[in-house]
Amino acid sequence: MTKLGIFVDRKTLSSSEQLNALIRCRDVAEEMGHDVDFIFPVDINKIPHMDALFIRARTDPMNITYVAAQMARFHTIPVIDDPDSIQICADKINMYSHLIKSGVSIPKTVFLSKDDLTEKVAAKLFADLGTPLILKEPSTSFSLRVEKVSDVTEFFRVAKRFIKLSDWIVVQQYVESRYDWRVGVLGGKLLYVCKYTIPSVTFKIQASVNGHIVYCGVESVPETEVPPHIIRLGIDAANAIGTGLYGVDIKNNNGD
Ligand SMILES: Nc1ncnc2c1ncn2[C@@H]1O[C@H](COP(=O)(O)OP(=O)(O)OP(=O)(O)O)[C@@H](O)[C@H]1O
Ligand SMILES: [Mg+2]
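Each number in my numbering comes from the position in the sequence shown (counting from 1) with 310 added on.
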């Protein structure tokens with residue numbers, strides 16, 4: 311019998327959906343003959359006693375999930391997410407650089423440093439990438455620091471806020487679509503596909519609107535109903551990062 315550790319924290323357990331998903335994961339693993347232990351940060355020293363580790367908490371090289379991943383790797387225990395994937399995916403500059411290097415198609419993307427924040431550069435970006443533009447602070451997650459700007463004034467308002475948090479900001483061509491594809495890939499193989507329908511009050515899959523959090527609609531889609539180029543792109547993007555578990559967000563401007 312093998313022992314699977316599932317690393318969790320309070321935030322992982324903050325909704326009944328998350329709790330139910332974790333319990334279901336444990337039940338399925340047990341049906342498959344494994345022993346399952348939920349590991350909280352205070353029990354991190356249990357990791358060397360596991361045969362495999364599945365991290366289900368927000369991964370970041372600056373928090374304890376990274377220590378958990380490194381600990382597993384040090385003890386040659388298979389781990390999802392592995393430390394390299396955590397490091398790459400926590401930084402959009404690093405992540406996009408991997409995608410570009412592997413020839414994976416992404417929206418037109420430019421990285422800016424503080425010295426690039428001039429009227430001339432901003433005007434050229436609108437001319438080259440179109441209007442509106444998408445700005446991202448590289449450590450963003452859950453759509454938190456992703457904004458749409460329509461003119462130079464808005465560009466500077468957002469860019470100045472983001473450049474206080476990071477040495478670089480990401481500027482991207484805006485790809486209009488009613489939904490994001492989310493392609494789940496594990497070990498280079500397709501795991502699932504879903505469609506995230508963008509709420510009408512925003513352009514991203516979740517946002518704070520007038521103090522209320524709005525979320526996208528989520529619908530899982532059978533593999534046979536997904537355009538093959540979407541699956542191919544998801545797998546290629548995942549392979550550009552590593553061999554772990556990835557949820558690849560894909561936007562396509564004609565909607566499919
Ligand atoms: N170039 C773009 N054009 C249009 N919409 C975009 C673009 N980039 C991102 N978005 C929208 O904003 C959302 C958030 O962007 P993104 O996924 O890049 O950052 P994040 O969610 O903060 O990071 P992570 O996915 O790593 O948690 C996307 O799901 C998508 O709906
Ligand atoms: Mg996202």
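Heads up, the beta-carbon is just placed ideally off N, CA and C, and yes, glycines get one too.
As the structure is a prediction and not an experimental result, all values here were calculated from the model.
State yes or no: is the C-beta of residue i nearer than 7 angstroms to some heavy atom of ligand 1?
i	result
residue 376	no
residue 513	yes
residue 556	no
residue 540	no
residue 532	no
residue 450	yes
residue 399	yes
residue 444	yes
residue 479	no
residue 456	yes
Beta carbon of residue i, beta carbon of residue j: below 8 angstroms?
i	j	result
residue 451	residue 368	yes
residue 374	residue 555	no
residue 482	residue 443	yes
residue 379	residue 392	yes
residue 505	residue 531	yes
residue 551	residue 398	yes
residue 384	residue 403	no
Any heavy atom of ligand 2 closer than 7 angstroms to the CB of residue i?
i	result
residue 453	yes
residue 559	yes
When you compare each of the options to residue i by their alpha carbons, which one comes out closest?
i	options	result
residue 360	508, 336, 387, 340	387
residue 320	348, 343, 380, 488	348
residue 335	314, 517, 497, 505	314
residue 338	357, 355, 316, 350	316
residue 372	355, 364, 400, 345	400
residue 353	332, 345, 381	381
residue 344	365, 312, 331	312
residue 528	519, 537, 515	515
residue 461	326, 430, 475	430
Below 8 angstroms on the Cβ atoms is my guess for residue i versus residue j; work out the distance and round it to an integer in Å.
i	j	result
residue 503	residue 511	Wrong, their Cβ atoms sit about 25 angstroms apart, outside the cutoff.
residue 464	residue 455	Not really, about 15 angstroms apart at Cβ, beyond 8 angstroms.
residue 501	residue 468	No, residue 501 and residue 468 are not in contact; Cβ-Cβ is about 34 angstroms, not under 8 angstroms.
residue 561	residue 490	6 angstroms
residue 416	residue 493	The Cβ separation is near 14 angstroms, so there is no contact.
From the DSSP output, in three-state form, read off residue i for me.
i	result
residue 561	coil
residue 345	strand
residue 539	helix
residue 446	strand
residue 522	strand
residue 365	strand
residue 479	strand
Looking at residue i and ligand 3, is the gap between the Cβ and the nearest heavy atom below 7 angstroms?
i	result
residue 388	This structure simply doesn't include ligand 3; it includes ligand 1 and ligand 2 instead.
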